[in-house]
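Working notes, structure below.
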Amino acid sequence: MIGSVFGSEHDFFHSQTWDWTWRGGVLLLLVFWLAMAYWVWKDARRRIRSHVVVGLVTILGFVPIAGPLVYMLFRPPEYLSDVAERELEMRAIERRLIDRQCPVCHTDVEPDFLVCPVCATKLRHSCASCHKPLEPTWQVCPYCETPVAPTEHPVSLRAQRAPRTSRKAR
Ligand SMILES: [Zn+2]
Ligand SMILES: [Zn+2]
52 MIGSVFGSEH DFFHSQTWDW TWRGGVLLLL VFWLAMAYWV WKDARRRIRS
102 HVVVGLVTIL GFVPIAGPLV YMLFRPPEYL SDVAERELEM RAIERRLIDR
152 QCPVCHTDVE PDFLVCPVCA TKLRHSCASC HKPLEPTWQV CPYCETPVAP
202 TEHPVSLRAQ RAPRTSRKAR
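Numbering-wise (my numbering), the sequence shown opens with residue 52 and increments by one.
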């Protein structure tokens, strides 16, 4: 009786079913191990700028279970794309703040001011036709379609009041 039980177990472990189960298990572990390392590499590329560090982290990812776990504990918290996006936003906010200041005396000015109210620096030109404030880069007035005459950079009103001599004699 006992002998026959051991005998059947012996048969089972040497049967083809056991062989396939064992091979399947090993294959599954192998796939899982490679997938973990691949995930570490993929995730590290999105978070770490340095290729060398990504390579080292990927090697760490090949350490079964512990490698990916250690990586997850110490990986940078943000994606590189998120960092870049935030930096871009910060720069845009900075630029907007600079745009809202007089370049000479740094007084806060409204976006439609033509002249700094404190130091009289010319900030913008107005449209010759509709008198709306124009941005320095605009070639045509967006309000009335009047072409903008090529103008000099914002200069002090005092300088503008001085009689201008024609620089280009035709
Ligand atoms: Zn000013
Ligand atoms: Zn206009």
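Here a beta-carbon is modelled for each residue, glycine too, at the ideal position from N, C-alpha and C. Here the structure is a predicted model, which is why all the values come from computation and not from measurement.
query                                                                                                                                            : result
Shorter than 7 Å, the distance from the beta carbon of Thr188 to the closest heavy atom of ligand 2, or not?                                     : no
Excluding five sequence neighbours on each side, which residues of the same chain lie with their C-beta closer than 8 Å to the C-beta of Pro115? : Trp84, Met87
With C-beta atoms as the reference, is Leu174 less than 8 Å away from Cys167?                                                                    : yes
Helix, strand or coil for Asp62? Go by DSSP, reduced to three states.                                                                            : helix
Kindly examine ligand 1 and report whether one of its heavy atoms sits closer than 7 Å to the Cβ of Thr197.                                      : no
So is the beta-carbon of Cys153 under 7 Å away from any non-hydrogen atom of ligand 1?                                                           : yes
Hey, how far is the Cα of Ala171 from the Cα of Glu196?                                                                                          : 28 Å
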